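Q: So the protein sequences, as listed, match chains A and B.
In our numbering, each number is its position in the first sequence, counted from 1, plus 886.
In our numbering, each number is its position in the second sequence, counted from 1, plus 22.
The beta carbon of each residue, even a glycine, is placed where N, CA and C say it ideally should be.
All values derive from a computational prediction rather than experimental measurement.
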Amino acid sequence: GNSVTQMEGPVTLSEEAFLTINCTYTATGYPSLFWYVQYPGEGLQLLLKATKADDKGSNKGFEATYRKETTSFHLEKGSVQVSDSAVYFCALSDMNRDDKIIFGKGTRLHILP
Amino acid sequence: DTAVSQTPKYLVTQMGNDKSIKCEQNLGHDTMYWYKQDSKKFLKIMFSYNNKELIINETVPNRFSPKSPDKAHLNLHINSLELGDSAVYFCASSQDTRATQPQHFGDGTRLSIL
Chain A
887 GNSVTQMEGP VTLSEEAFLT INCTYTATGY PSLFWYVQYP GEGLQLLLKA
937 TKADDKGSNK GFEATYRKET TSFHLEKGSV QVSDSAVYFC ALSDMNRDDK
987 IIFGKGTRLH ILP
Chain B
23 DTAVSQTPKY LVTQMGNDKS IKCEQNLGHD TMYWYKQDSK KFLKIMFSYN
73 NKELIINETV PNRFSPKSPD KAHLNLHINS LELGDSAVYF CASSQDTRAT
123 QPQHFGDGTR LSIL
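Structure follows, in structure tokens:
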């Protein structure tokens, strides 16, 4: 079956550090890939998405590239801010399956000023 | 304007009680969902409705009964609440069921069972 594996947290970085949160997936079809962010006390918000191989999603300085050869969708940001502290979820949706989104277990990011 | 709104935000009740959580979306979306998030932030889908019809029903106890009176609303009724039901429940919606469509989440209902 389909699955998403993302690095366990928490991840603690200093402000302006470079961020990478790893995400790999298993899918039998042609999934769309997403990163969602959850700030404290709120629901998940879409951060970025990519719907086919080699697509790059980007938003708010975050980027992720859909790599079919390595089945990965790693999230990166060049210079993090305290306001980026949140839980980040990698997710996939496979149009050849039952169309439900499968979420990773989430990675808590904590940025120190 | 709140896109996906759910009420109540907090729900504290005793074991054995029956409670409901309501969800409304004003995005004009066709598809709505209920998720359960546990204390470790693990997110699990419970139900999905498309145009008022149930399309996803994961392995959820039949004490949980969703109801969609129209496309904009998806409510969740829970009978005979148990300690293990304590969690944050999220409602979400998407334009349709296509895999490329992102989901829009409400702010959650934190359910605590005493």
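In three-state terms, what does DSSP make of V82 (chain B)?
A: Within the second sequence, the letter at position 60 stands for residue 82 (chain B). Coil, per DSSP.
Q: Three or more C-beta pairs closer than 8 Å, one from the segment 111 to 119 of chain B and one from the segment 52 to 61 of chain B: is that the case here?
A: yes
Q: Whose CA, out of B:F64, B:S61, B:A94, lies closest to the CA of S70 (chain B)?
A: For the purposes of this step, residue 70 (chain B) is taken as residue 48 along the second sequence, with counting starting at 1. Of B:F64, B:S61, B:A94, the residue nearest in Cα terms is B:A94.
Q: For the segment 986 to 998 of chain A and the segment 62 to 79 of chain B, state whether three or more C-beta atom pairs, one from each stretch, are separated by less than 8 Å.
A: Flag = yes, the segment 986 to 998 of chain A and the segment 62 to 79 of chain B touch.
Q: Which residue wins for smallest C-alpha separation from G895 (chain A), given the options B:K44, B:L33, B:K63, B:N39?
A: Counting from 1 along the first sequence, the entry for residue 895 (chain A) is found at position 9. Ranking the options by Cα distance to G895 (chain A), first place goes to B:K63.
Q: Name the residue from B:Q125, B:S90, B:C45, B:A109 whose alpha carbon lies nearest to the alpha carbon of V34 (chain B).
A: If you number the second sequence from 1, residue 34 (chain B) lands on position 12. If we check each option's Cα against that of V34 (chain B), B:A109 comes out closest.
Q: Between the segment 86 to 104 of chain B and the segment 971 to 978 of chain A, can you find at least three pairs of beta-carbon atoms closer than 8 Å?
A: no
Q: Relative to the C-alpha of Y952 (chain A), which candidate in A:Q967, A:L899, A:Y925, A:W921 has its C-alpha closest?
A: Residue numbering aside, residue 952 (chain A) sits at position 66 when the first sequence is read from its first letter. Residue A:W921 is the option with its Cα nearest to Y952 (chain A).
Q: How big is the Cα-Cα spacing for D107 (chain B) and E80 (chain B)?
A: Here the question's residue 107 (chain B) lines up with position 85 in the second sequence. Here the question's residue 80 (chain B) lines up with position 58 in the second sequence. Each residue's Cα considered, the two are about 15 Å apart.
Q: Who are the neighbours of D980 (chain A) on chain B, taking C-beta pairs under 7 Å?
A: Mapped onto the first sequence, residue 980 (chain A) falls at position 94. Taking a Cβ-Cβ cut-off of 7 Å, the neighbours of D980 (chain A) in chain B comprise A121, given in sequence order.
Q: Anything in chain B within Cβ reach of T937 (chain A), meaning under 9 Å, just list it in chain order.
A: For this step, residue 937 (chain A) is matched to residue 51 along the first sequence. Neighbours of T937 (chain A) on chain B, chain order: A121, T122.
Q: Considering only DSSP beta bridges, list what Y71 (chain B) is partnered with.
A: As a working note, residue 71 (chain B) is residue 49 in the second sequence. In DSSP, Y71 (chain B) forms a bridge with B:M54, B:L76.
Q: Going by other Cβ atoms of all chains shown within 10 Å of its Cβ, with 16 needed for buried, is Y925 (chain A) buried or exposed?
A: The sequence position of residue 925 (chain A) within the first sequence is 39, counting from 1. Flag for Y925 (chain A) reads exposed.
Q: Are the Cβ atoms of L995 (chain A) and L899 (chain A) separated by less than 9 Å?
A: Locating residue 995 (chain A) in the first sequence gives position 109, counting from the first residue. Locating residue 899 (chain A) in the first sequence gives position 13, counting from the first residue. Between L995 (chain A) and L899 (chain A), the C-beta spacing is below 9 Å.
Q: Do the CB positions of I135 (chain B) and Q59 (chain B) come within less than 9 Å of each other?
A: As a position in the second sequence, residue 135 (chain B) is number 113, starting the count at 1. As a position in the second sequence, residue 59 (chain B) is number 37, starting the count at 1. Taking 9 Å as the Cβ cut-off, I135 (chain B) and Q59 (chain B) do not qualify as a contacting pair.
Q: Indicate whether the contact test is met: 3 or more Cβ pairs, each with one atom in the segment 962 to 972 of chain A and one in the segment 939 to 951 of chain A, closer than 8 Å.
A: yes
Q: Going by Cα to Cα distance, which pick from B:S27, B:G38, B:Y32 is closest to L49 (chain B)?
A: Within the second sequence, the letter at position 27 stands for residue 49 (chain B). Nearest option by C-alpha distance: B:S27.
Q: Only counting the same chain, and skipping five residues up and downstream in sequence, which positions put a Cβ closer than 7 Å to that of R85 (chain B)?
A: Taking the second sequence and counting its residues from 1, the one referred to as residue 85 (chain B) is at position 63. Same-chain partners within the cutoff: I100, N101, S102.
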